[in-house]
Amino acid sequence: MNFTASLTFAVALTSLVVSLPSASAAKKNAAQATLTATGKELEANYTQQMETLKKELTRALPSVNSQKKTNLTAAREAESAAIKQIEEARKRMGEISSAKGLVGHAKGKWIGGANKGISSAEAKLKKAKTAAEREEAKKELAHWQQNKKDGEAALEERQAKLDAALKNKQKYEKALKDAEKTLADSKAATIAAVKNLGLTKQLSSNKLDAKLARYSILTEATPAKLAAFAQQGGEQKDLIQSMLSADDLLVEMAVADGAKDGNYGPAMEIYSKIWKASDKVGVSPLRRLALAISLEHATPVKQRNAEAKEDAPEFVNPVKRYLHYEKAFLAGELDPAFKNLTTWDYRMVVDGEEPDEILTWGREMLRNYRPDHVTTNDYRWRYVALVRSDIKYGSQDNKYDKPDLQFFQNILMNGGICGRRAFIGRFILRAFGIPTTARPQRGHGALVHWTPDGWVPCLGAGWGSGWTKGRYDRDQDFLATTQARAAGDAFMMVKRAQWIGDVAGEPRVYGLQSRTNPEFWYGASLYLQKNVIASAKAKTLAAVGTDIGEANETKEHVEIAKVKITEKDRKVSADKKGIITIPASATSKPTRSTGKILFLDSVLGGKQLHYSRTGGHQIFEYTFKAPAAGKYHLTAHVVTPSWRQNLFVSANRTKDKVELPLPHTVGLWEKTEAVVIELTKGENVLTFSREGDVKGVTIKDFTLTPISRQVTQR
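This is the structure we're talking about:
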């Protein structure tokens, strides 16, 4: 049955008004509430459905020759053995490198340091004028002389170990080379064994998809858990029945990795509520978005509120989360690629802890402050370049976080080390509809995110260096599923093999890097996945931002947005009241972007000037004509990400500078307070500069307003 019709029937039948899952309901569901008599009947019904499905599927599923199974098992075992041989050979080669390092340490830091200590002590002894000074110098000299002897002894021992290891170097190198060849051969043999199973034709058919998906979901949800939800009332029972009767929905759910923690009842509750809340959800991609939110929020997502907002909701409201993204999508606020994402992709957009209004703020902030981060063609850095440009590395200012600001606003204000920087990186990607997930590595927080060319690691090391949350665990296994999913229909062979594994009662294993050894069907699925990836010629993207993972400024070349400044952009104007407006882009110095100073297209129209956080200080000037001499109030229209910032301004190259304090606008447009500047009639030059440790600032224009009776026409 088509799910839309099924759901409509269920809603009409029960006049359904579904409440969202509360924290207590979630805990009750997670603990599998005690079944009532009705619940036990429902559990028996769902169990019977599973047993019937298993019998039907067992008869219909492809049979595999036992010898071919044995061949695959043997090939996989040979591959595993080759991997262990490589690890052992690399360990031996590592011992040589380690021995070289220890010898170098003994020669350099140890003996070299001792020699420096001896020289210093001898100099002190020579300069000593008192018996006490001579005694102290002699003690120091004796210490360093003994330290040198210890170092020489250690060097002799370490050199002997290195010499012994070097005698085996060729042997170890050959062992590594042989192991690598053995691994390549065994991998080829495994792929051949998988192909020889003859499963491609059967696994390419969608004939059994609905039954396989239904069985897989019943297995994951468990009859007891479904019954615990359905026993709550007729509405809940109808929702489960609607789901189990909707073939297309079951398949889509299973392909998208199912409901979080197997909570299919709450997922259906959310999904039906979204359908009632919006008349646009039936149109793709919004239907996929609605399903993604329902699956991901089946276990409530704890909301991260500003500390001062004590009455804020504890959990993200999934219906409001859907409506937020629906509105943003229809308004054109999200990335153009958003409409092409899959249900699985959307799950890593909508799973954020931020309140919906903070998502709105994030988009507005970046468009105001750094519009070039929104429009860059380099998807590896689109949006997330905010971390590179403006999130200072270091935790020293985190103590200044404000309780009335939300977590991500505080990170923008006060920076942070790897964890906070990765957090805001993922947040700003989600705000614009780009899938992302955490990818920590040992001792460091980083992220990975979607691009049209594949997923890319950001702010950390490359693939193979960390792990992800969820069923894929090791990052290379997560990468593999993203690459296989991008291949389209071919990926369904992988899922079908896994669903058959569920029917066979195998443990679920989703990657070749898993700590659990996959059994036949799950093992076959992972090798089929490798073949899908190879056939698609998928590219593995190198990491970006590795050098700023734990640093404040990048050493890599950063492309400067190309912007054409027109005469209109540079036109300084004065109205009848003598009020002068100077566009920030009307500089006489510099006249083009320098890296420190950038000219950007403005969301307000025209151009704007951005003074960057990183790099050395640079002045910028405006040459213009004032209609009258006298004192003027100077204000600026600015966006700032942080506090305690200012500009210094001087008129006509005088040494006296006037401080223009910059308000903390939290990424929104705001006027500064006025300061007094004295101008002459005719040509003037305003010179702006900054001092000390600065944060970025974006400026749209400056306004000079005559102070009454203090401006003359002379």
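Heads up: the sequence shown begins at 785 in the numbering used here, then just goes up one per residue.
The beta carbon of each residue, even a glycine, is placed where N, CA and C say it ideally should be.
| If you count every other CB in all the chains shown that lies within 10 Å of the CB of Ala1510, and 16 or more means buried, which is it? | The structure shown does not extend to residue 1510, since the chain is modelled only from 785 to 1498, so the question has no answer here.
| Helix, strand or coil at Val1423 according to DSSP, with G and I counted as helix | It is a strand residue.
| What is the residue span of the alpha helix (DSSP H) that Val1459 lies within? | Counting along the chain, Val1459 falls outside any alpha helix (DSSP H), though it belongs to the beta strand (DSSP E) covering 1459-1463.
| query | Relative to the C-alpha of Glu872, which residue among Gln832, Glu924, Gly823, Lys961 is closest? | reply | Nearest of Gln832, Glu924, Gly823, Lys961 to Glu872, Cα basis: Lys961.
| Excluding sequence positions up to five away, which residues of its chain have a Cβ less than 6 Å from the Cβ of Lys893? | Take Lys893, set aside five residues on each side of it, and no residue of its chain has a beta-carbon closer than 6 Å to its own.
| Option nearest Pro1219 by Cα separation, candidates Asn990, Asn1182, Tyr1163 | By alpha-carbon distance to Pro1219, the top candidate from Asn990, Asn1182, Tyr1163 is Tyr1163.
| query | Taking DSSP as the reference, what is the three-state secondary structure of Gly1414? | reply | Strand.
| task | For Lys1391, I'd like the list of residues in its chain whose CB is within less than 8 Å of its CB, leaving aside the five on either flank, ordered along the chain. | result | If we look at Lys1391 and ignore the five residues flanking it on each side, its Cβ neighbours are Val1347, Ile1349, Asp1353, Pro1367, Ala1368, Ser1369, Phe1383, Leu1384, Asp1385.
| What residues in its chain sit with their C-beta under 8 Å from that of Ser1319, if we drop five residues either side in the sequence? | A distance below 8 Å between beta-carbons, with the five flanking residues on each side excluded, links Ser1319 to the following residues of its chain, in chain order: Ala1271, Ala1274.
| Within the chosen definition, does the stretch 867-884 reach the stretch 895-906 through at least 3 CB pairs nearer than 8 Å? | No, they do not touch.
| Pair within 8 Å by beta-carbon distance, Asp1174 and Leu1196 | In contact: Asp1174 and Leu1196 (Cβ atoms closer than 8 Å).
| Who are Lys1391's beta bridge partners in DSSP? | Lys1391 has Asp1385 as its beta-bridge partners, per DSSP.
| query | Rounded to the nearest angstrom, how far is the Cβ of Thr1160 from that of Arg1166, given a contact under 8 Å? | reply | Yes, they are in contact, since the Cβ atoms of Thr1160 and Arg1166 sit about 5 Å apart, within 8 Å.
| task | Report the rounded CA-to-CA distance for Thr1464 versus Glu1457, giving the unit in angstroms. | result | About 22 Å.
| Is Asn1430 helix, strand or coil when you go by DSSP? | Taken through DSSP and simplified to helix, strand or coil, Asn1430 comes out as strand.
| task | Starting from the Cα of Gly1362, find the closest Cα among Leu1388, Ala1413, Lys891, Lys1321 and give me that residue. | result | Closest in alpha carbon position to Gly1362, among Leu1388, Ala1413, Lys891, Lys1321, is Ala1413.
| message | Mapping the DSSP letters down to three states, classify Arg1397 as helix, strand or coil. | response | Of the three classes helix, strand and coil, the one that applies to Arg1397 here is coil, per DSSP.
| query | Got a sec, what are the start and stop residues for the beta strand (DSSP E) Phe1472 sits in? | reply | Counting along the chain, the unbroken beta strand (DSSP E) around Phe1472 starts and ends at 1466-1473.
| field | Selected residue, minimal CA-CA separation from Tyr1153, among Glu1462, His1421, Glu840 | value | Checked all of Glu1462, His1421, Glu840; the closest Cα to Tyr1153 is His1421.
| field | Which of helix, strand or coil DSSP assigns to Lys1086 | value | If DSSP states are grouped into helix, strand and coil, Lys1086 belongs with the strands.
| Grouping DSSP H, G and I as helix and E and B as strand, with all else coil, what is Ser882? | Helix.
| request: Can you check the stretch 1182-1229 for any alpha helix (DSSP H) of at least 4 residues that lies completely inside it and give the ranges in chain order? | output: Taking only runs of at least 4 residues, the alpha helix (DSSP H) segments lying wholly in the stretch 1182-1229 are 1191-1198, 1202-1215.
| request: Decide if Ala1326 is buried, meaning its Cβ has at least 16 other Cβ atoms within 10 Å, or exposed. | output: It is exposed - the Cβ of Ala1326 has fewer than 16 other Cβ atoms within 10 Å.
| said: With a threshold of 8 Å on Cβ separation, who are the neighbours of Ile870 within its own chain once the five nearest residues in sequence on each side are excluded? | reply: Within its own chain, the residues whose Cβ lies closer than 8 Å to the Cβ of Ile870, once the five positions on either side in sequence are excluded, are Leu960, Ala963, Glu964, Leu967, listed in chain order.
| How long is the line joining the alpha carbons of Lys1086 and Phe1099, rounded to whole angstroms? | Cα to Cα, the separation comes out at about 4 Å.
| request: For Lys1123, collect the residues of the same chain with a Cβ closer than 7 Å to its Cβ; drop the 5 residues on either side in sequence, then sort them by chain order. | output: Correct list, in chain order: Pro1069.
| What's the gap between the Cα of Leu1531 and the Cα of Arg860? | Only positions 785 to 1498 of the chain appear in the structure, and residue 1531 is not among them; the question remains open.
| task | Tell me Thr1489's beta-bridge partners as DSSP assigns them. | result | DSSP links Thr1489 through a beta bridge to His1417.
| task | Answer yes or no: do Leu946 and Val1039 have a C-beta to C-beta separation smaller than 8 Å? | result | No, Cβ-Cβ distance for Leu946 and Val1039 is not below 8 Å.
| query | Does DSSP put Leu1243 in a helix, a strand or coil? | reply | Under the three-state reduction of DSSP, Leu1243 is assigned to coil, being neither helix nor strand.
| Buried versus exposed call for Pro1050 [16 or more other C-beta atoms within 10 Å across all chains shown] | Around the beta carbon of Pro1050, a 10 Å sphere encloses 16 or more other beta carbons of the protein chains shown; the residue is thus reported as buried.
| request: Give the C-beta separation of Lys1253 and Ala1222 to the nearest angstrom, bearing in mind that I take them to be a contact with Cβ-Cβ under 8 Å. | output: Lys1253 to Ala1222, Cβ: 6 Å. Contact.
| query | Expressed to the nearest angstrom, what Euclidean distance is found between the alpha-carbon atoms of Arg843 and Asp1031? | reply | Distance between the alpha carbons of Arg843 and Asp1031 is about 20 Å.
| Cβ of Tyr1416 within 8 Å of Cβ of Ile1483? | No, the pair does not count as a contact, with Cβ atoms beyond the cut-off.
| Got a sec? Which residues, its chain only, sit under 6 Å from Arg1255 by beta carbon, not counting five neighbours each side? | In chain order, Tyr1294 place their CB closer than 6 Å to the CB of Arg1255, counting only its own chain and leaving out the 5 sequence neighbours on each side.
| message | Does His927 come out as helix, strand or coil in the three-state DSSP assignment? | response | Looking at His927 - three-state DSSP - the assignment turns out to be helix.
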